[in-house]
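Residue numbers (the working numbering), protein chains in the order written: chain A, 1 to 622; chain B, 1 to 427.
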Amino acid sequence: MKKLLLSSVVVLIGFTFIGRLSYLQLFRFSADQILDDPAIKKVYDYPERGYIYDRDGKLLVGNQPAYDVMVIPREVKPLDTLEFCSLLGIDKPEFLSKMEKARRYSPRLPSVLVPQLSKEDYAKLQEKMRHFTGFYIQKRSLRYYNTKSAANVLGYISEVNEWDLQNNPYYVAGELKGRTGIEKQYEETLRGRKGVKHIQKDRFNRDIGPYKDGKLDTLPQQGREIHITLDKVLQEYGEKLMHGKRGGIVAIEPKSGEILAMISGPTYDPALLVGRKRSKNYSKLHYDTISKPTWDRSILAQPSPGSPFKTLNALVGLQEGVIDTKTKFRCYHGFYVGNTLRGCHCGGGVRDLNSGIYQSCNAYFAGVFRKIFDKYETTDQGMDVWEKHMKSFGLGDFLGTDLPTGAPGRIPDVAYYDKWYGDGSWAASTIISNAIGQGEIAATPLQLANMTAAIANRGYFYTPHMIKSIGNNGKIDPKYTEPRYTTIDRKYFDPVIEGMANVYEYGTARWVKIPGIDIAGKTGTVENYIRVDGERMQLTDHSVFVAFAPIENPQIALAVYIENGYYGSRYAGHIASLLIEKYIKGEITRKDLEKRMLEKTLEHEYAKPYSGEPFKINEYVW
Amino acid sequence: MSGKGLFGRLDWITVILYALLVFIGWINIYSTSVGEGHTSIFDFSTLYGKQLFFIGLAVLGIIFVLFVESHFFERFASIFYIVSIVLLMGLFVFGKTIAGATSWYDLGFFNLQPSELAKVATALALAKFLSDIQTDIRSGKHQIYALIIILLPALLILPQPDPGSSLIYFSLFFVLFREGFPIYYLGILIFAVVLFATTLMFGTVWVAIGLIILTLLVYTFKRASVKIPIFPVLGVIVISILFSLSVNFVFENVFEQRHRDRFALWLSLEKDEEKLDEIRKTIGYNTYQSEKAIESGGFIGKGFMEGTRTKGDFVPEQHTDYIFSSVGEEWGFLGTSAVILLFSLFFLRLIYIAERQKNDFCRMYGYGVISILVFHYFINIGMVIGLLPTIGVPLPFFSYGGSGLIFFTMLLFIFLKLDSNRLKDGI
């Protein structure tokens, strides 16, 4: 026993050690430990973020240098604090508290003392910098906007947050990432890939040379420039016209599906979200919950489309063979929804397809709608057919654009009404509001513009998109160059387009004709309600207008939606005609109309529901 | 056997194992301390250069030991012992303080650590005392003499402060056990340690309940033929509970906060995660870093000189007490288990040699050598891999440091010298 004691102790210790070591080195070991190895510092080499140009190669977004004043507290030598503070533009207590904060973070590591100096401050500071040991200036790159427009389209970049860090291993805390718009959608293209250098550190965080002689290091990959389909001139002009108005405008080139302009009002200067005042400005924009400048109405607002939708009902009627161009309905200044009479402003009388469209006769389209459903034995069958046609125009679902956000709109279907009214408890007459674009239909301005482009093309459209080219000759996603056909045959479009042309000749938009350009258009006036403090009130109608031009070989199709702008041709119609003229002619001939649109605002309309006093709607004040 | 010379009679297996350990140790010191401006391994301004120099000195020490007459060590054992005690006492007056511990004499070219010397001397003195024809280990008086020989240097070293070295002297109890000191003393010691730890972890009440349940179980399941008198058992239980009560008192009033923190960490006493984390970062920093470094080595390690944590000097004292973490990081599980195996073989070989001695003094001295080495090895690696609380003792033959290497070497080779003479008559 006593002879074996020490031997057994030795053996026992040996087994214990081996056991513990296998726990540590075999069980607890994981191969990706290098990621959190404190001894290896990764130094990143950031490539410049790619520029963004418009369709004509005009610069929209570039980069500008910004200068951070950095400090390594341990290396700071006594200095003339007052002079330094005046150069930095801060006062002494602020300077001292920032120094203390930096020291608490780490005396050995650099901290940002003053972020993002302007070029002027930088120039002043630079020559004096050598007097201040322990401080240095670090250059970094910020976005520079060569336009005050298209803030929501271009989007902004901001520091990555916890969620990004957890979900995308590429990012490291403090890096920037495209947050909305083009910056988000084409983040990887614009960003490039940062280069990584692995540096071996000691426990004081001092560098002691490259890790594994740089074998794991990578070079940065340049971010690529992109060209987007936006027309800078048209976009800026449209935003000027939207001054003081809420709503959305989308213009599309029908033959390619390229988005020429995408305007949301009110908007803001994209430069507000860059630089030292960024967070202050962001809160201001973000918390404006009434006018919502960061909410892109051109792709997120989903009002009922109103009368422009009648053109689609006409097309479905023709395709289904339930009407032809000669089919007539009599308008008794209205039509019935169930047992209630809905009015019609067309003036009454006998209407055919052409005058039904250009006078926007509600009774005519109620008749067409009923006929579509009458063709089928059951309402459900009729509904399915109608829904299929409508959806073929890109309505009722996300279009598949290259925008990071959007809304699906709504084309109601059998299931929707079964849920609403109960199975079999509804019929065409119940849902007849859909005939005139009210009711349960909802569409974004983008969808309306796309629908108009499909009519302009006589039966097909390209998925609307923003990307024109990546880099110098970069191909774009082929899904944007393949036509998507509607379920309506080409021959049925011409009579409808003729009606839309007559909207300008004889119809609801005859006072916004543009000399020398043939336009096809359709007005819309949409009733709407709001709830303020639980009280439902009706507001002045939304003004809606869709149009394309020229009628032969269309170059632009657009949808204009102005909140509470009253009838279709009043605001939307005017703005649409100015945009078309600007895009096709390059200049405006009707200066008085332009002046009026630039000056008029609807702020008084928007103030009404919040005034606390009774108010009138749909006033003919001009 | 007289036909063979000294070198023929030396136990070469041990010598080879020793050389391997020193070599592997040096390789790792080299890896942890080699810098960018590395020129030559003989650059004596570097740690690895200095260690090479110390190895040279150790070889000289070996040669010296081998050529000294064997009887010299036995004859002068008492003198050595008295000299080391005097040297230890002298530290209180002439000692040089390094890193807070007054453990060195400044000899100009060399810092001498007398506690290392005292280990050799105490092992010799204990062997000398026990092998004396008049000494009877079963006599209480002689047991107390033996304890004094062991504990005197330990008590002198403790206030330096150097609790690690002080603790090492307790390893010499193995010598006593080998020579007939009742083994149940060891049982009592282990029982006390278990009581101490369990009291800290669960409190006196649960320890008492545990003891009673244990006793009841023993009485329930013992064979009827086995009679265990009840009163001594009750006595043990009462004493245990009293001991357990005193533990709390000692822990709260005698220990300092840093000691309490070490135990808190080791036994996971602290339940507040935040505080535990705080302790881990301060008191437990070394252990945490060394565990991480070892863990990051995985099965095959990162390769020679590729240890990032080692190179980054993240593990404190890594060329001295924490040298084993470098083995773990750079050579992986293969390396660490090879070193453990090497040490185990080395110790087993030494035990085998000790047991084959015909001369009592030689055997007892051999046991002293082995016990000291095993204790260092156990405490050091146990600490580095996070099994034991932080106690600063070097890893024999591995750790950087002149005194350590030279005295460990002399400790060992005195034994090998004695062994080489075993077949001659007497010594």
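C-beta atoms are modelled at their ideal positions from N, C-alpha and C, and glycine is treated no differently.
Reference residue i; option with closest CA among the options
i	options	result
A:Glu225	A:Lys475, A:Asp207 and A:Ala607	A:Lys475
A:Tyr136	A:Pro93, A:Leu21, A:Pro73 and A:Lys591	A:Pro73
B:Tyr400	B:Gly25, B:Leu20 and B:Phe7	B:Gly25
A:Thr133	A:Asp80, A:Thr180 and A:Gly181	A:Asp80
A:Cys85	A:Gln200, A:Lys128 and A:Lys468	A:Lys128
B:Leu341	B:Gly8, B:Leu20 and B:Arg9	B:Leu20
A:Asp477	A:Arg490, A:His243 and A:Tyr462	A:Tyr462
A:Ile126	A:Ile263, A:Asp68 and A:Leu96	A small correction: the amino acid at residue 126 of chain A is Gln; Ile does not occupy that position in the sequence shown. Comparing Cα-Cα distances from A:Gln126 to each of A:Ile263, A:Asp68 and A:Leu96, the minimum goes to A:Asp68.
B:Leu91	B:Glu355, B:Ile148 and B:Ile157	B:Ile157
A:Gly388	A:Ile411, A:Glu377, A:Tyr376 and A:Asp45	Sequence check: residue 388 of chain A is Lys here, not Gly. Closest by alpha carbon: A:Ile411.
A:Tyr46	A:Leu96, A:Pro220 and A:Asp121	A:Pro220
A:Tyr122	A:Lys139, A:Glu100 and A:His131	A:Lys139
A:Pro464	A:Asn339, A:Tyr416, A:Phe398 and A:Arg103	A:Phe398
A:Leu579	A:Glu535, A:Val43 and A:Tyr237	A:Tyr237
Partner residues on chain B for residue i, Cβ-Cβ distance less than 8 Å
i	result
A:Phe29	Glu295, Ser296, Gly297, Gly298 and Phe299
A:Gly214	Simply none; closest approach about 14 Å.
Residue interval of the beta strand (DSSP E) (run including residue i)
i	result
A:Arg351	Gly349 to Arg351
A:Glu159	Ile157 to Glu159
A:Tyr485	Pro483 to Tyr485
A:Asp56	It is not in any beta strand (DSSP E) - A:Asp56 carries neither H nor E in the DSSP assignment.
A:Glu535	Glu535 to Ala549
A:Pro115	Ser111 to Leu117
B:Ser326	B:Ser326 -> not in any beta strand (DSSP E); alpha helix (DSSP H) instead, spanning Ile323 to Glu355.
B:Thr199	Where B:Thr199 is concerned, there is no enclosing beta strand (DSSP E), although the alpha helix (DSSP H) it sits in stretches over Tyr184 to Phe202.
A:Ser141	Phe135 to Tyr145
Contact belief for residue i with residue j at Cβ below 8 Å, rounded distance in angstroms
i	j	result
B:Ile168	B:Ile13	At roughly 26 Å, the Cβ-Cβ gap does not stay under 8 Å, so B:Ile168 and B:Ile13 are not in contact.
A:Ile575	A:Ile249	7 Å
A:Pro483	A:Tyr460	4 Å
B:Ala208	B:Phe243	Not really, about 11 Å apart at Cβ, beyond 8 Å.
A:Ala150	A:Asp269	Not a contact, Cβ separation roughly 10 Å.
B:Gly297	A:Gln185	Their Cβ separation, rounded to whole angstroms, is 45 Å, which puts B:Gly297 and A:Gln185 out of contact at 8 Å.
Own chain, CB closer than 7 Å to residue i, minus 5 neighbours either side, in chain order
i	result
A:Leu176	Ile157, Ser158 and Glu159
B:Leu412	Tyr18 and Val369
B:Val22	Ile55 and Phe397
A:Leu165	Tyr171 and Ala173
A:Ile373	According to the sequence provided, residue 373 of chain A is Phe. The question's Ile does not apply to it. Here the set comprises Thr379, Gly382 and Ala428.
B:Asp106	Lys96
Element boundaries [alpha helix (DSSP H), containing residue i]
i	result
A:Lys98	Lys92 to Tyr105
A:Phe329	Premise fails: A:Phe329 lies in the beta strand (DSSP E), Phe329 to Cys331, not in any alpha helix (DSSP H).
A:Trp511	Per DSSP, A:Trp511 belongs to no alpha helix (DSSP H) and is neither H nor E.
A:Met597	Lys591 to Glu599
Same chain, Cβ closer than 8 Å to residue i, five either side skipped, listed in chain order
i	result
B:Ser78	Ala125 and Lys128
A:Asn63	Glu48, Arg49, Tyr51, Ser141, Leu142, Arg143 and Tyr144
B:Glu36	Residue confidence is low: B:Glu36 scores 49 on pLDDT, short of 50, so the model does not pin down where it sits. No coordinate-derived value is stated.
A:Asp207	Lys41, Ile199, Gln200 and Lys201
A:Leu35	The predicted model places A:Leu35 with a pLDDT of 49, which falls under 50 and marks its position as unreliable, so this point remains unresolved.
A:Leu341	Gly334 and Phe335
Amino acids of chain A, ordered along the chain, whose beta-carbon sits closer than 7 Å to that of residue i
i	result
B:Glu291	Leu24
B:Phe333	Leu21, Ser22, Gln25 and Leu26
B:Phe347	Val10
B:Ser337	Ile18 and Leu21
Within chain A, partners of residue i - CB distance below 9 Å
i	result
B:Gly328	Leu21, Leu24 and Gln25
B:Leu387	Thr16, Phe17 and Arg20
B:Val374	Leu6, Val9, Val10 and Ile13
Contacting residues, own chain, Cβ-Cβ under 6 Å from residue i (five flanking each side not counted)
i	result
B:Phe346	Leu17
A:Pro254	Ala453, Ala456, Asn457, Pro554 and Ala557
A:Ile116	Here residue 116 of chain A is Gln; the residue named in the question, Ile, does not match the sequence. For A:Gln116, where only same-chain residues beyond five positions count, the Cβ hits under 6 Å are Ala66, Gly275 and Arg276.
B:Gly426	Unreliable placement is indicated for B:Gly426, whose pLDDT of 48 sits below 50; the coordinate value is still reported in the next sentence. Once the five neighbours on either side are set aside, B:Gly426 has no close Cβ partner at all.
heavy atom of the ligand GTP below 7 Å from residue i C-beta
i	result
A:Ser7	Only the bare structure without any ligand can be found here, which leaves the ligand GTP out of the picture.
Beta-carbon neighbours of residue i, restricted to chain A and to distances below 8 Å
i	result
B:Ile340	Gly14, Phe17, Ile18 and Leu21
B:Arg178	Lys2, Lys3, Leu5 and Leu6
Inset, instruction - Pull out every residue of the region 349 to 361 of chain B whose Cβ sits closer than 9 Å to any Cβ of chain E, in chain order. - result: Here the protein chains are A and B, and chain E is not one of them.
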